[in-house]
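All remarks here apply to the structure that follows.
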Amino acid sequence: MAYTVDVLVEHKTLALRLFGAVSIEDRAAGLVDGLSKLQATGFKRILVDLRHGVMQPAALESCNRHAANLAATASHLPDDVRIAYIYDVLGSKSTPVEMLAAARGYYFESFTNIDSAMGWLHGHVPELDG
Numbered sequence: 003m004a005y006t007v008d009v010l011v012e013h014k015t016l017a018l019r020l021f022g023a024v025s026i027e028d029r030a031a032g033l034v035d036g037l038s039k040l041q042a043t044g045f046k047r048i049l050v051d052l053r054h055g056v057m058q059p060a061a062l063e064s065c066n067r068h069a070a071n072l073a074a075t076a077s078h079l080p081d082d083v084r085i086a087y088i089y090d091v092l093g094s095k096s097t098p099v100e101m102l103a104a105a106r107g108y109y110f111e112s113f114t115n116i117d118s119a120m121g122w123l124h125g126h127v128p129e130l131d132g
């Protein structure tokens, strides 16, 4: 398992942290675990932390399948749910999965700074990292 799902009660945020060598299967499992905790808490903020993960190459078919799953899942979330991705550097953002999911209506913002990401999640309007 290359992820943890933490409930940040003080921020009313769910944090999915991916680390080490992260496969498409790890990301899908993290999504399932995270969504079950999101529903249990009623929170509407999700932080996906990829700063310590190395996304492993995956076949385009696998990327497409996970991207479609992300977009389909997001379409069932309340409209006011916000999702922030945090990367170690912006050059490492927008993996094929995120690009494919965004094309299907999966909306999120990308950050390299945890404070900016948390601020945006909670309605502040910090300057976006890119």
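Sequential numbering of the sequence shown, starting at 3, is according to our numbering.
The beta carbon of each residue, even a glycine, is placed where N, CA and C say it ideally should be.
Here the structure is a predicted model, which means the values were calculated and not measured.
Does the separation of the CB atoms of leucine 16 and isoleucine 48 fall below 7 Å? Position 14 of the sequence shown holds residue 16. Position 46 of the sequence shown holds residue 48. Result yes, Cβ atoms of leucine 16 and isoleucine 48 sit closer than 7 Å.
Touch check for the segment 51 to 58 and the segment 70 to 85: three-plus C-beta pairs under 8 Å? no
Determine the DSSP secondary structure at threonine 106, reduced to helix, strand or coil. The residue labelled residue 106 in the question sits at position 104 within the sequence shown. Per the sequence shown, the amino acid found at residue 106 is arginine instead of threonine. DSSP places arginine 106 in coil when its eight states are reduced to three.
If we count the other Cβ atoms within 10 Å of its Cβ and call it buried at 16 or more, is aspartate 90 buried or exposed? Here residue 90 refers to the residue found at position 88 when the sequence shown is read from its first residue. The residue in question, aspartate 90, is exposed, as its Cβ has fewer than 16 Cβ neighbours within 10 Å.
Secondary structure at glycine 55, three-state DSSP: helix, strand or coil? For this step, residue 55 is matched to residue 53 along the sequence shown. Correct three-state label for glycine 55: strand.
Just how far apart, CA to CA, sit lysine 14 and glycine 44? Taking the first residue of the sequence shown as position 1, residue 14 is located at position 12. Taking the first residue of the sequence shown as position 1, residue 44 is located at position 42. The alpha-carbon atoms of lysine 14 and glycine 44 are separated by roughly 9 Å.
For glutamate 63 and threonine 6, the rounded distance between their alpha carbons: Residue numbering aside, residue 6 sits at position 4 when the sequence shown is read from its first letter. Residue numbering aside, residue 63 sits at position 61 when the sequence shown is read from its first letter. Each residue's Cα considered, the two are about 25 Å apart.
Please look up how many angstroms separate the CB atoms of leucine 33 and asparagine 66, rounded, as I've assumed it's under 8 Å. Taking the first residue of the sequence shown as 1, we reach residue 33 at position 31. Taking the first residue of the sequence shown as 1, we reach residue 66 at position 64. Not really, about 15 Å apart at Cβ, beyond 8 Å.
Relative to the C-alpha of isoleucine 26, which residue among Ala86, Trp122, Pro98 and Gly125 is closest? Translated into the one-based positions of the sequence shown, residue 26 becomes position 24. Closest option to isoleucine 26, Cα to Cα, is Pro98.
What ranges does the alpha helix (DSSP H) occupy inside the segment 17 to 78, keeping only unbroken runs of at least 4 residues that lie completely in it? 26 to 43 and 62 to 77
Residue range of the beta strand (DSSP E) that includes aspartate 8: Taking the sequence shown and counting its residues from 1, the one referred to as residue 8 is at position 6. Per DSSP, aspartate 8 belongs to the beta strand (DSSP E) from 5 to 10.
Measure the Cβ-Cβ separation of glycine 22 and alanine 42 and say whether it is below 7 Å. Start at 1 with the first residue of the sequence shown, and residue 22 comes out as number 20. Start at 1 with the first residue of the sequence shown, and residue 42 comes out as number 40. In this structure, alanine 42 does not lie closer than 7 Å to glycine 22 by Cβ.
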